[in-house]
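Single-structure report; data block below.
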Amino acid sequence: RIMKRKTACRRDIDRLNAPFLSIYQSLIPPKEEKDKQEKLLTILRSLVKKDWPEAQLYVYGSCANSFGFSKSDIDICLVIQNMDVNKSEVLLKLAETLESNNLQNVQALIRARVPIVKLMDPDTGISCDICINNILAVINTKLLHDYARIDGRLRQLAFIVKHWAKKRGVNETYQGTLSSYAYVLMCINFLQQRKPAILPCLQGMEPTYSVTVENTECAYFNEVDKLHGFGAGNGETISHLVWAFFNYWAYYHDYTNDVISVRTGGTLSKQAKDWTRRIGNDRHLICIEDPFEITHDLGRIVDKASIRVLREEFERAAEIMQHDLDPCTKLFEPY
Ligand code: ATP
Ligand code: MG
């Protein structure tokens, strides 16, 4: 269905830098919003302290990985040292505490795949989900955040890609398209593979940070201040990178054989991971290796129908980036 071809980027591509950067700027959360989040977090910490004096609250996901838009919900993880706690009991007790302290829309979803308590703070209008002991999510959030500090182009590219995915309806895991987390990993891997590279492979370097969670070793080089200027040898600008990103996912990625892997900074073969056929509900039609839980394919939710939708959207975006007079409008048109 897809013809591979070598495309040269349009000559006026740099004309699109200013409009892409202004879209990026408009999506960044303003400082007042970050302050409100901090205030709410302080309140939640003091409430949690009463019932679980030893426990800690960590923010993970888009509010902590630096890829969050304005008006995002906060994802919070309550870490209780005893890993064998009964999560349902904790969540129900937490819900009771929150409700009696005037937080609104409090709901304990104890049967969900990731059990959580939902709440809304009436003073700020901010909504939160709180889960228990989801430490790997806290650590992969830190990895993403550390990558973002190395080269500013990652945050620009990931904002544009997430914005596109949300507008085009392909950021809906319950409909078989990809999570924001998966899109950010695609952007990191893409920048690791530019020539010269714009991002290093932090897990391929001598570790300066290491924790073991649920038998999974999470180790990488996290002294990213020392990597400032890593991508300076590559002068590609945001508009060129957006063009190349969509071109890669539309025409160059080998969906039949390849797995993208931030952990190794490159691609692996599906064969090597034994991801060549459907196992249970995992179809492996687009393969994105989780950096720490390496048996997890973040593309596993994609099915026969949604892979078509995704690939058609990548092709549409690539075509617009190549030919359209006003790509910055057309790219984000609601589907
Ligand atoms: P959004 O701005 O759309 O809310 P987000 O950054 O919060 O984006 P999500 O995809 O909602 O991204 O995921 C939130 C966090 O949950 C991720 O940063 C990651 O830590 C964790 N996470 C999500 N999906 C997975 C997964 N399949 N495996 C491991 N961790 C995951
Ligand atoms: Mg989120």
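Numbering (UniProt numbering), first residue to last: 23 to 357. Heads up, the beta-carbon is just placed ideally off N, CA and C, and yes, glycines get one too.
Check your understanding: What are the boundary residues of the beta strand (DSSP E) that T286 is part of?
Key -> For the purposes of this step, residue 286 is taken as residue 264 along the sequence shown, with counting starting at 1. T286 -> no beta strand (DSSP E), and no H or E assigned at all.
**Study point:** Reduced DSSP secondary structure (H/G/I, E/B, other) of S232
**Key:** Start at 1 with the first residue of the sequence shown, and residue 232 comes out as number 210. Note: S232 maps to strand in three-state DSSP.
Practice item. Count the C-beta pairs between the stretch 252-263 and the stretch 199-208 that are closer than 8 Å, then say yes if the count reaches three, no if not. Key: no
Review point. Skipping 5 residues on each side, what residues in its chain have a beta carbon closer than 8 Å to that of V136?
Key: Working through the sequence shown from its first residue, we reach residue 136 at position 114. The answer, listed in chain order, is C153 and N156.
**Study point:** Close Cβ partners of R23 (< 7 Å) along its chain, the five nearest in sequence each way excluded
**Key:** Reading the sequence shown from its first residue, position 1 is the one you call residue 23. Below a pLDDT of 50, predicted positions are generally treated as unreliable, and R23, at 47, falls in that range; the measurement from the model is reported next regardless. None.
Practice item. Look at the alpha carbon of M206 and the alpha carbon of F354, and state the distance between them as a whole number of angstroms. Key: Position 184 of the sequence shown, counting from 1, holds the residue named residue 206. Position 332 of the sequence shown, counting from 1, holds the residue named residue 354. The displayed chain sequence assigns Val, not Met, to residue 206. Going from the Cα of V206 to the Cα of F354 covers about 18 Å.
**Study point:** Where Y80 falls: helix, strand or coil (DSSP)
**Key:** To locate residue 80, count along the sequence shown from 1; it is residue 58. In the structure shown, Y80 falls within a strand segment according to DSSP collapsed to helix, strand and coil.
Check your understanding: Going by beta carbon distance, what residues of the same chain come within less than 6 Å of K71, once the five residues before and after it are set aside?
Key -> Numbered from its first residue, the sequence shown carries residue 71 at position 49. Around K71: no qualifying Cβ.
**Study point:** Segment contact, 8 Å Cβ cut-off, at least three pairs: the stretch 88-95 with the stretch 115-135
**Key:** The answer is no - the stretch 115-135 does not touch the stretch 88-95, with fewer than three Cβ pairs under 8 Å.
Review point. Is N127 helix, strand or coil by DSSP?
Key: Within the sequence shown, the letter at position 105 stands for residue 127. Three-state result, N127: strand.
Practice item. Assign V101 to one of three DSSP states: helix, strand, or coil. Key: Translated into positions along the sequence shown, residue 101 becomes position 79. Residue state, collapsed to three classes: strand.
Practice item. Please classify M142: does DSSP put it in a helix, a strand, or coil? Key: Within the sequence shown, residue 142 is the residue found at index 120, counting from 1. Three-state result, M142: strand.
Review point. Which residue comes first and which comes last in the alpha helix (DSSP H) that contains Y46?
Key: Along the sequence shown, read from residue 1 onward, the residue named residue 46 stands at position 24. Unbroken alpha helix (DSSP H) run through Y46: N39 to L49.
Practice item. Quickly, what does DSSP pair I301 with across the bridge? List them, please. Key: The residue given as residue 301 occupies position 279 in the sequence shown. I301 is bridged to D304.
Review point. What residue does the beta strand (DSSP E) around T199 start on, and which one ends it?
Key: Numbered from 1 along the sequence shown, position 177 holds the residue referred to as residue 199. That residue, T199, is in no beta strand (DSSP E); it is neither H nor E in DSSP.
Practice item. For the stretch 42-61 and the stretch 172-191, state whether three or more C-beta atom pairs, one from each stretch, are separated by less than 8 Å. Key: yes
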